[in-house]
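Residue numbering for the sequence shown follows UniProt numbering, starting at 1 and increasing by one per position.
Note that CB positions come from ideal geometry on N, CA and C, so glycine has one too.
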Amino acid sequence: MIKAIYFKKTDSLDESEGLIKIDFVRHINVIVGPKGGGKSTLFDLLASIKNGYLPSNVIDALKNHGLEFVKAEEFNGETILSSTLSKKNEKDKFNDFYKRNDVIFQDDPIKKDLNKSDDIEKEKYNYAKEIVQKQFDKVSNIINRIQNFYNMIYSLINGSHNSINWANTFNFKKTKDDLNIISHLNFSISKFKSLKDIETKNINKIIENSKEQIGLMKSFKENIDLTSVYKDDKFNSDYQKILGNIIENHNQLTQLLLNRNKLTKKIANVFDAFNIAYIRQINKIKELDYNNQGLKTFEKASKDYFANFAKQIIKLKKIFYELTNTSLEIKFDKEELEHTFLTYKMPQDGVKFDDDFIYDLLKIVLNTPKSEKDLYRWIHENQKETKSKKDFDQNKIINKISKELVNFVQVYADGYDYKTLSLGQRSIYGIKYKLKRSNNQDLFLDQPEDNLDNNTIATTILDLIQERKEQQVFIVTHNANIGILSNPEKVIVADLNNKINPYQEGKISLDKNSNDTTTTFYLEGGFKYLEARYIKAKGEN
């Protein structure tokens, strides 16, 4: 607790002139004075001394008025010399005040933006993670689906089909042209490629034929238009039917071409994925020595392998579609977290995640392609030899879900959604929040009345101050309810423009037979105006 602080005048020619001393009491100390008189300068000095430093704005403000801080005395008998304190700029002072629970300063964000506090955001995350852990069954479904997709991707990439016995099927008799085993193995892939090329050639032929047919249809229509002079009613009717059939055939053919092209693309995608996996199987056995028997069931087994590979892709595509094209909704059971004066809840109607978030979860366990919405790109990206396989880390997925849930956490103050509170309501909860967390620390309050009406001040703030009976409290205020009804044991009038006595002790006097004190003047405007307000409020003439 600070018992007194000392200043010296730097612009005085009288070296014998003593130090300026300001005494304080163990409980409530109120600081009043004119605007720009140095109230906040004194406040910043006291709060900074408590944390072992001097802020540059205080040093400069005192210097501009011919003053310099010398030392502070504490009630325990210790002395704090100016030379022992570190220096901080105004930005660092602001950050220090903002983090501390024993300081509420003039522009403190806690007065209006409590929900942006780092502590609150951290508490929201802790709450979200606690919800996920307690109600794991609510998120286990999505985690299991992601793991199933993960396992199928790598099973498709690395697995071999049971119909091919890779140790015994590829037995070859040495042929007269001395073909090696790799030539025989690659023959199957070449055959698959040949089938694909034939299919592509057929589709291209259909495309050319369709173009020619469309041209004939258009030419026929033009010829009909040229002979329109010979039309009669029956001819017109037949013409409309023929034209309708032409249009219908054209549309059907166009759709057929579109479907054929899609099919070709699917075949190409499946073949590309299969080709990579198949070559891997070849590489596993190419060094083995087979010299006894001819090729037995290689071609049939390879076809079976390809068919099974395609079936796995179909299953994988279904899982991929269900993951990324259906909305993920989680509805948690009622679970609240009480934190000081705030309560955290999840929305009653559940939480919905979009497909972009599902892709973010997949990125945690799989190598990510440039096109996230293309299944084949996921397969190809994770087939690459240059890419290392990621482990399936369930905890990373849980952490990601918890971080995303923070955006849905609702913060309540006394049953009201914090976002809907007025600036005054936020301010009072901000003050309560810091005071609650300050425990038994001494308090430094600079204009706690900001954004608050006098009734709230009288019924709430005063009680909070009076509760701190065992702590030292410093209050800068312009509010009469705080300055007078908090029952301060010491009042300091700050006026740095007063060269003789920049900081002096004030007295509270409401005796109408006595002259106004400086304290009464600054907090009430003087007894004359206090009495006038009283008469008006009572409805007297």
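Close Cβ partners of residue i (< 6 Å) along its chain, the five nearest in sequence each way excluded
{"i": "ILE398", "result": "VAL132"}
{"i": "LEU337", "result": "TYR127 and TYR344"}
{"i": "THR324", "result": "ASP355 and ILE358"}
{"i": "LYS129", "result": "SER402"}
{"i": "LEU179", "result": "Model confidence at LEU179 stands at a pLDDT of 41, short of 50, so the residue's coordinates are unreliable; what they give is reported in the following sentence. Closer than 6 Å at the Cβ level, and outside the excluded window around LEU179, lies no residue."}
{"i": "ASP11", "result": "GLY66"}
{"i": "GLU381", "result": "ASN367 and PRO369"}
{"i": "GLU121", "result": "none"}
Residue i to residue j span [Cα, whole Å]
{"i": "ILE500", "j": "THR343", "result": "52 Å"}
{"i": "PHE433", "j": "SER427", "result": "Looking at the sequence provided, one finds Tyr at residue 433 rather than Phe. So the alpha carbons of these two residues sit roughly 10 Å apart."}
{"i": "ASP108", "j": "ASN95", "result": "10 Å"}
{"i": "PHE353", "j": "GLU335", "result": "20 Å"}
{"i": "PHE320", "j": "ARG145", "result": "9 Å"}
{"i": "ILE379", "j": "LEU366", "result": "10 Å"}
{"i": "LYS528", "j": "SER486", "result": "22 Å"}
{"i": "PHE536", "j": "LEU530", "result": "Note on residue identity: the sequence assigns Lys, not Phe, to residue 536. Answer to the nearest angstrom: the Cα atoms are 10 Å apart."}
{"i": "ASN90", "j": "ILE104", "result": "The question names Asn, yet the displayed sequence has Glu at residue 90. Those two C-alpha atoms are separated by around 16 Å."}
{"i": "LYS311", "j": "GLU123", "result": "47 Å"}
{"i": "ALA72", "j": "GLY506", "result": "21 Å"}
{"i": "ASP137", "j": "ASN269", "result": "37 Å"}
{"i": "VAL139", "j": "TYR154", "result": "23 Å"}
{"i": "PHE170", "j": "THR386", "result": "Caution applies to PHE170, whose pLDDT of 41 falls short of 50 and renders its modelled position unreliable; the value that the coordinates give is listed next. Straight-line Cα distance between these residues: approximately 29 Å."}
{"i": "GLU74", "j": "LYS93", "result": "22 Å"}
{"i": "ARG533", "j": "TYR522", "result": "16 Å"}
{"i": "TYR125", "j": "LEU81", "result": "43 Å"}
{"i": "LEU316", "j": "LYS262", "result": "18 Å"}
{"i": "PHE408", "j": "GLU248", "result": "52 Å"}
{"i": "LYS373", "j": "MET152", "result": "17 Å"}
{"i": "ASP272", "j": "ASP118", "result": "50 Å"}
{"i": "PRO55", "j": "ASP44", "result": "8 Å"}
{"i": "LEU464", "j": "HIS478", "result": "18 Å"}
Nonlocal neighbours in the same chain, by C-beta distance under 8 Å from residue i, ignoring five residues either side
{"i": "TYR416", "result": "GLN425"}
{"i": "ARG377", "result": "PRO369, LYS370 and SER371"}
{"i": "THR41", "result": "ASN57, VAL58, ALA61, LEU62, ALA494 and LEU496"}
{"i": "LYS400", "result": "ASP360, LEU361 and ILE364"}
Top-ranked residue by Cα proximity to residue i, from the options
{"i": "GLN383", "options": "ILE157, LEU443, LYS390 and VAL58", "result": "ILE157"}
{"i": "THR79", "options": "LYS50, ASP92 and LYS134", "result": "LYS50"}
{"i": "GLU68", "options": "LYS21, PRO488 and MET346", "result": "LYS21"}
{"i": "GLN466", "options": "ASP453, THR477 and PRO488", "result": "PRO488"}
{"i": "VAL476", "options": "LYS134, GLN106 and PHE149", "result": "GLN106"}
{"i": "PRO502", "options": "LYS39, ILE461, THR520 and ASN454", "result": "LYS39"}
{"i": "LYS111", "options": "LEU423, GLY539, THR459 and ASP453", "result": "LEU423"}
{"i": "MET346", "options": "VAL406, THR326 and SER388", "result": "VAL406"}
{"i": "PHE149", "options": "ILE314, SER83, ARG468 and ILE198", "result": "ILE314"}
Identity of the residues DSSP links to residue i by a beta bridge
{"i": "THR79", "result": "GLU73"}
{"i": "ILE379", "result": "Per DSSP, none; premise fails for ILE379."}
{"i": "LEU54", "result": "LYS87"}
{"i": "ASP417", "result": "TYR412"}
{"i": "VAL406", "result": "DSSP output for VAL406 lists no bridge partner at all."}
{"i": "TYR125", "result": "None, per the DSSP bridge assignment."}
{"i": "ASN29", "result": "PHE474 and LYS490"}
{"i": "GLU372", "result": "Bridge partners of GLU372: none, in fact."}
{"i": "ALA310", "result": "Note: ALA310 sits in no beta bridge, so no partner."}
{"i": "PHE353", "result": "LEU328"}
Own chain, CB closer than 7 Å to residue i, minus 5 neighbours either side, in chain order
{"i": "GLY350", "result": "GLU329, ILE330 and LYS331"}
{"i": "ASN497", "result": "GLY37"}
{"i": "GLU524", "result": "ALA480 and LEU530"}
{"i": "LYS390", "result": "VAL365, LEU366 and ASN367"}
{"i": "LEU46", "result": "ILE2, PHE444 and PHE474"}
{"i": "PHE24", "result": "ILE2, LYS3, ALA4 and LYS490"}
{"i": "LEU19", "result": "TYR6, PHE7, LYS8 and VAL70"}
{"i": "TYR53", "result": "LEU85, SER86, LYS87 and LYS88"}
{"i": "ASP102", "result": "SER438, GLN441, ASP442, LEU443 and PHE444"}
{"i": "THR456", "result": "GLY424 and ILE428"}
{"i": "ASP333", "result": "GLN135"}
Proximity test, residue i beta-carbon vs the ligand NAD heavy atom, cut-off 7 Å
{"i": "GLY525", "result": "Among the components of this structure there are no ligands whatsoever, and the ligand NAD is therefore not found."}
Cβ of residue i within 8 Å of any chain D Cβ
{"i": "LYS9", "result": "As a matter of chain content, chain D is missing from the structure shown, which is built from one protein chain."}
Please determine if the stretch 482–496 and the stretch 444–462 are in contact, where contact requires at least 3 C-beta pairs separated by less than 8 Å.
yes
If contact is defined by three or more beta carbon pairs under 8 Å, each pair taking one atom from either stretch, is the stretch 384–402 in contact with the stretch 62–71?
no
Between the stretch 20–37 and the stretch 486–495, can you find at least three pairs of beta-carbon atoms closer than 8 Å?
yes
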